[in-house]
Amino acid sequence: MAGRQRRMTLPSLQGREDPIFRPATKPCSDPAHGAAFIFVHGLGDSAEGLEPVAEQFQKNNKLSWMHWIIPNAVENREAMTTAWYRPTGFSHRPDRPELAEEEDEEGMRKTVEYLESLIDACTRKGIPPQRIVLGGFSQGCAMGILTDLISPKYSGRLAGIAGLMGYVPLSSGHKLQQLRAGADLPPTLGEVPMFLARGQKDQLIPKRAWNQSLKKLEELGLNKDGMEVHEYEGLGHGLSGMVLKDLCSWLERIVPKLED
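With the numbering used here applied, the sequence shown covers 1 to 260.
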């Protein structure tokens, strides 16, 4: 597909397809003035499923200074499809959290490590963490948020987190606080901006899971002013032109064009 190139050396792991890399259409001569968006797909999808979003932005000359990196999940035997971690359902008894299916913490932590390696690749090319955005759709959203919450290397250091149609994983009890403590991270979050979007008709991410996610982020110390929260009337578990328009405006604010 036009626009796809391999100028940036990205981590390649056995059993995982290489990420799609779409370089900036108007790259900066100083890499530190550029930006990168690591955009993570959802359950059962691939990088090719999200590439049209990057292509649309670039064709419309939006964020021409930004590189797009779209990684691929591996095949998950239990899910029998591509997944960043073994999916679990949301408990139908919020008053009985002990009945909820145990989340795949090990799979999530492995994915966080992989996403860290992609950020590493960007920094080796001279793009500072504060010019790197991490985000995704559904499971990709969950992993983007979790990386900011528990990564020993990059928690609190990135330009922003874009969470589309997802939730905060491992949010029951004090698990996230324990993981942050284990990673020698402060008990409260840094001031990394978050763009959080949900369709009001989303059947896969229940409203209460969304509300619990927002509450957990506040518990962890994320200032409400740091969260740009959108709910889209009539939208289910998918993207729309309005979502992408709002996302574009947010990206232009947090990784603005710099004088080269």
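Ideal Cβ positions, reconstructed from N, Cα and C, are used throughout, including at glycine.
How many whole angstroms separate the CB atoms of Gly163 and Gly144, which I take to be in contact at a CB cut-off of 8 Å?
In the sequence shown, the residue the question calls residue 163 occupies position 163. In the sequence shown, the residue the question calls residue 144 occupies position 144. Going by Cβ atoms, the distance from Gly163 to Gly144 rounds to 6 Å, so yes, they are a contact pair.
Buried versus exposed, by CB contacts within 10 Å (16 or more), Glu106
Within the sequence shown, numbered from 1, the residue matching residue 106 stands at position 106. Exposed is the call here.
Inter-residue Cα distance where the pair is Ala47 and Pro71
Counted from its first residue, the sequence shown places residue 47 at position 47. Counted from its first residue, the sequence shown places residue 71 at position 71. Taking the straight line joining both Cα atoms gives about 6 Å.
Grouping DSSP H, G and I as helix and E and B as strand, with all else coil, what is Gly140?
On the sequence shown, residue 140 is found 140 positions in, with the first residue counted as 1. Helix.
Going by beta carbon distance, what residues of the same chain come within less than 8 Å of Ala183, once the five residues before and after it are set aside?
Taking the first residue of the sequence shown as 1, we reach residue 183 at position 183. Contacts found: Ile150, Ser151, Pro152, Ser155.
What does DSSP give as the partner residues of Leu222 in its beta bridges?
As a working mapping, residue 222 is identified with position 222 in the sequence shown. None; Leu222 has no bridge partner.
Determine the extent of the beta strand (DSSP E) in which Phe195 is found, giving its start and end residues.
Here the question's residue 195 lines up with position 195 in the sequence shown. Counting along the chain, the beta strand (DSSP E) containing Phe195 begins and ends at 194-199.
Between the CA atoms of Cys248 and Thr81 - distance to the nearest angstrom
Translated into the one-based positions of the sequence shown, residue 81 becomes position 81. Translated into the one-based positions of the sequence shown, residue 248 becomes position 248. Each residue's Cα considered, the two are about 30 Å apart.
Excluding the 5 residues flanking Gln177 on each side, which residues of the same chain have their C-beta closer than 8 Å to its C-beta?
As a first step, residue 177 is located in the sequence shown; it is residue number 177 there, counting from the start. The residues are Pro187, Leu220.
Nearest to Trp84 by alpha carbon, out of Leu134, Val40, Arg22, Met242?
Within the sequence shown, the letter at position 84 stands for residue 84. Checking every option, the nearest Cα to that of Trp84 belongs to Val40.
With H, G and I counted as helix, E and B as strand and the rest as coil, what does DSSP make of Glu103?
Reading the sequence shown from its first residue, position 103 is the one you call residue 103. Three-state DSSP puts Glu103 in coil, outside helix and strand.
How is the alpha helix (DSSP H) around Trp250 delimited, first residue to last?
On the sequence shown, residue 250 is found 250 positions in, with the first residue counted as 1. Trp250 -> alpha helix (DSSP H) spans 241-254.
Tell me, please, which residues DSSP counts as bridged to Thr82.
Position 82 of the sequence shown, counting from 1, holds the residue named residue 82. By DSSP's assignment, Thr82 forms a beta bridge with Glu75.
For Leu319, which three-state DSSP category applies?
With the chain running from 1 to 260 in the structure shown, residue 319 is simply not present.
Report the rounded CA-to-CA distance for Gln212 versus Ser172, giving the unit in angstroms.
Along the sequence shown, one-based indexing puts residue 212 at 212. Along the sequence shown, one-based indexing puts residue 172 at 172. Spanning the two alpha carbons is a distance of roughly 9 Å.
The beta strand (DSSP E) with Leu170 in it runs from where to where?
Numbered from its first residue, the sequence shown carries residue 170 at position 170. No beta strand (DSSP E) holds Leu170; DSSP gives it neither H nor E.
Residue closest to Asn223, alpha-carbon to alpha-carbon, out of Pro193, Glu233, Lys245, Gly199
On the sequence shown, residue 223 is found 223 positions in, with the first residue counted as 1. Of the residues Pro193, Glu233, Lys245, Gly199, the one whose Cα lies closest to the Cα of Asn223 is Pro193.
With distances taken Cα to Cα, identify the nearest neighbour of Val229 among Gln56, Gly236, Val243.
Taking the first residue of the sequence shown as position 1, residue 229 is located at position 229. For the residues Gln56, Gly236, Val243, the minimum Cα distance to Val229 belongs to Val243.
With the cut-off set at 8 Å, would you say Gly226 and Glu252 are in Cβ contact?
Position 226 of the sequence shown, counted from the start, is the residue given in the question as residue 226. Position 252 of the sequence shown, counted from the start, is the residue given in the question as residue 252. Not closer than 8 Å, so no.
Coarse secondary structure for Gly160, derived from DSSP in three states:
As a working mapping, residue 160 is identified with position 160 in the sequence shown. In the structure shown, Gly160 sits in a strand (DSSP, three-state: E or B).
Using the beta-carbon count (16 or more within 10 Å), is Ala159 buried or exposed?
Against the sequence shown, residue 159 aligns to sequence position 159. Per the 10 Å Cβ criterion, buried.
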